[in-house]
Amino acid sequence: MHTATQKSAHTVILFYKYVGIRRPETVQKQQYALCRRFHLRGRIIVATEGINGTLEGTAHAIQRYIMHTKEDARFASIVFKRSSGTGDAFPKLSIKVRDEIVTLGVPVKNRKPGTYVQPAKLRSWIHKKEDMTILDVRNGYETAVGRFEHSLTPRINNFRDVPNVAHNLESFKNKKLVMVCTGGIRCEKASRYFKQQGYKQIYQLEGGIATYMKKYGGEDFVGSLYVFDNRILIRGEKGKHTVVGRCAACGEFSERYTNCAYDPCHAHFICCETCEKEQEGYCSKGCKGRADEILKFSEKARMVGV
Ligand SMILES: [Zn+2]
Ligand SMILES: [Zn+2]
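What the sequence shown shows, in our numbering, is residues 170 to 475, in sequence order.
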């Protein structure tokens, strides 16, 4: 009998590729078989425009998964971004076919993405005080916990809000805009959209903030990088760690995420432990009120025997 087998280290990968896929269903099936074979969990979206996924497994299993995936010529050049995992980043495996790999909701006909900027280049621009603006196209709950200093973090609840952002940034039409997102995939689409809308100088951070963080995190990017719904945050390895997130209720510095206990709301927000207890897990008085009403109603229904 084996005793205390060493718990193997887990790896999380993030990847995407914009590439024409004629039959997404076939790729879905192949990927499903591969993930099952290596006991991976996470999610993958396949569309005619490409593939986008994030998975977790043992380091060895992930290695083999990557090797097999790269055998497909369409995926041979994918850059897999790795970070260490806990083994429970994802509750299950989900592989879906969708219309888009990231949903913007409006058609993007422009095929040319923004000009790629390497992390080292962006860093030198930041330090030389180059005449440019960093535009973060991530969601508000992501930028809340970490972001580039002096970057533009417009109000985005969902990537579908990006066309609206483009509409509101008219004064930047001829200015140098450097888009950033977690791994680069959202910039691929947002930059195409911005160019389509007449923006002249659109750049995008190659490999996303995740790649930048590995090299220079903690210096120009303050706070943590939000990676998954499962409250995994990546901290920079250089410089000192600064908490920039704030509790939505009391405003104290915090990096603790929670979801509103009122299911129809389910808002994802930063909330300190004290406030979570005080608010009983709800994001607002409104949500607590609505939940209380439902509770009262169901109690009444039970009393009259409905
Ligand atoms: Zn609080
Ligand atoms: Zn709520």
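We put the beta carbon where it would ideally sit given N, CA and C, even for glycine.
Helix, strand or coil at residue i [DSSP, three-state]
i	result
TYR451	coil
THR427	strand
ALA258	coil
TYR368	coil
PHE422	strand
LYS457	helix
THR195	helix
SER263	strand
LEU464	helix
SER253	strand
ALA173	Its pLDDT being 38, under 50, ALA173 is placed unreliably by the model, and the measurement read from it follows with that caveat. Three-state DSSP puts ALA173 in coil, outside helix and strand.
ASP330	helix
HIS319	coil
SER360	helix
ARG404	strand
SER393	strand
ARG280	coil
Residue burial classification, residue i (beta-carbon count within 10 angstroms, cutoff 16)
i	result
LEU464	exposed
MET236	exposed
CYS204	buried
MET382	buried
PHE422	exposed
GLY367	exposed
ALA470	exposed
GLU357	buried
VAL473	exposed
ASP389	buried
GLY386	buried
THR443	exposed
CYS419	exposed
LYS297	exposed
Residue range of the beta strand (DSSP E) that includes residue i
i	result
GLY309	GLY309 -> not in any beta strand (DSSP E); alpha helix (DSSP H) instead, spanning 309 to 312.
THR284	284 to 286
ALA216	210 to 216
MET301	Element bounds for MET301: n/a, residue is neither H nor E.
LYS186	179 to 187
THR133	Residue 133 lies beyond the stretch modelled for the chain, which goes from 170 to 475, so this question has no answer here.
GLY376	Run containing GLY376: none; DSSP gives neither H nor E here.
GLY387	It is not in any beta strand (DSSP E) - GLY387 carries neither H nor E in the DSSP assignment.
ILE270	It is not in any beta strand (DSSP E) - ILE270 carries neither H nor E in the DSSP assignment.
HIS437	437 to 439
Closest Cα partner of residue i within the set the options
i	options	result
GLY274	PRO332, ALA228, LYS369	PRO332
PHE317	SER340, ASP241, LEU304, THR380	LEU304
GLN370	THR272, GLY376, LEU321, ASP300	ASP300
ILE247	ASN337, LEU262, TYR187	TYR187
THR227	GLY392, GLU449, ASP257, ARG191	ASP257
ARG324	TYR310, ARG292, VAL215	TYR310
LEU394	CYS350, CYS434, SER340, CYS356	CYS350
VAL413	VAL306, GLU424, ARG251	GLU424
VAL347	HIS336, ILE295, GLY387	ILE295
VAL215	ILE182, VAL266, LEU338, GLN200	VAL266
VAL196	ILE213, PHE184, THR180, LEU209	ILE213
ARG307	ASN327, ASP461, LYS239	ASN327
ALA379	ASP461, HIS437, TYR285, ARG251	ARG251
THR272	ILE354, ALA417, GLN200, CYS441	ILE354
GLY377	GLY189, ALA289, LEU224	ALA289
LYS198	GLN232, VAL181, THR238, ASP432	THR238
Start-to-end residues for the alpha helix (DSSP H) that takes in residue i
i	result
LYS345	Here LYS345 belongs to no alpha helix (DSSP H); instead the beta strand (DSSP E) covers 345 to 349.
Around ligand 2, Cβ to any heavy atom closer than 6 Å, ordered along the chain: CYS429, TYR431, CYS434, ALA436, TYR451, CYS452, SER453, CYS456
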